[in-house]
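Its first residue numbered 1, the sequence shown is counted upward by one per residue in the numbering used here.
All C-beta atoms in this analysis are idealised placements derived from N, C-alpha and C, irrespective of residue type, glycine included.
Everything numeric in this text was worked out from a predicted model, so none of it was measured.
First the structure, in the form of structure tokens, and then the observations on it.
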Amino acid sequence: MKIRLGIGGSVSDPTQLRALGQAISTCGFDSIWLPEVLGQPAIDPAVGLSYLAGVHPTLKLGTTMLFTGVNPVSLAKKLASLDQVSSGRLLVTAVPGLTTGSEPSAIGMSPKVGGPVIEDALAVMRALWRGETLNHEGPSGTFVDVSLSPRPIQDPLEVWLAGMAERSLARCGRVGDGWLPTLCSPDQVARGREVIEAAAAGAGRVISDEHYGVSLGYFPTGYPDGLADRLATRLQGQALCDVIPRHYDEIAPLLERFIAVGFSKFVLRPLLPILDWEEELTLLGRAVLHVQR
């Protein structure tokens, strides 16, 4: 397996964006990941990645992007255009959105019921990316005699899915190109992969062994007070240190445990505000880049 380490960050101004992109390139990480979170102050990922595509001509550009509350034709064009301007360096994971705070209201629907919309929107977008003229009616909308240009450079443009719920795992097996969950332990993802592969086999599909990853949040210098209590429901009995490393020196050993169960692509996300991205990624790189092989 090719082990790849990307960096995820939510930035709210151009200065931070430039600093993050430069630090990732300088420090030797594989990709930058910008999330789409409507309820938080952050630059829109399509805008941010378009800027980075020109500034950093070799850096892979990833996003966890909302596939709910949007017109899938418009989203298909946005992602195809972004793949064009980045010369085929775009990485996409579809997400339904956060279930807390203002996010559900901003999206216009509960992310808890967004799964069928994501699946339907993905079918629409893939048809357009293949160059088809589309006639479609489904949960994501009704479209008559619709086509798309330009198409993505990548053929196909892969879309990975997230989520740990049983229905999300089954959906990933049926229609996803890969899996990138978060807040999960090595034991949990090993079991989740079994569900995904069974669903894929049932749909006559095979997901590449290279297409399993984890979005891993970490704390550089210890947990904030009360974190375990706040995450108790999500942890489902897993030890917090098996889900979120609390020091730099805990990250690489946890990555090796994920690698041992067949996961090879990682997005590392500092869970505290970062004032100096070059300093942060230099320290992080010393702790983890030997894992990238």
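For residue i, collect the residues of the same chain with a Cβ closer than 6 Å to its Cβ; drop the 5 residues on either side in sequence, then sort them by chain order.
i	result
residue 152	80, 83 and 129
residue 136	124 and 143
residue 238	185
residue 36	45, 65 and 66
residue 23	277, 278 and 281
residue 78	46
Does DSSP put residue i in a helix, in a strand, or in coil?
i	result
residue 151	coil
residue 203	coil
residue 164	coil
residue 56	coil
residue 293	coil
residue 140	coil
residue 196	helix
residue 94	strand
residue 269	strand
residue 329	Because the chain here runs from 1 to 293, residue 329 falls outside it and cannot be looked at.
residue 254	helix
residue 146	strand
residue 231	coil
residue 275	coil
residue 20	helix
residue 38	coil
Less than 7 Å between C-beta atoms, sequence neighbours within five positions excluded: which residues of the same chain meet that for residue i?
i	result
residue 20	9, 11, 32 and 277
residue 235	243
Thinking C-alpha only, which one of the options is nearest residue i?
i	options	result
residue 169	97, 114, 90 and 196	196
residue 112	165, 188 and 293	165
residue 274	6, 106, 16 and 243	16
residue 204	174, 214 and 231	174
residue 187	259, 267 and 225	259
residue 53	69, 25 and 86	86
residue 155	89, 115 and 202	89
Taking the C-alpha atoms as reference points, what is the distance between residue i and residue j?
i	j	result
residue 257	residue 147	45 Å
residue 14	residue 91	21 Å
residue 138	residue 49	30 Å
residue 293	residue 5	10 Å
residue 176	residue 42	27 Å
residue 121	residue 247	39 Å
Using a Cβ-Cβ cut-off of 8 Å (strictly less than) and excluding sequence neighbours within five positions of residue i, which residues of its own chain qualify?
i	result
residue 252	287, 288, 290 and 291
residue 283	220 and 248
In terms of DSSP beta bridges, what is residue i paired with?
i	result
residue 33	8 and 62
residue 247	221
residue 182	215
residue 159	92
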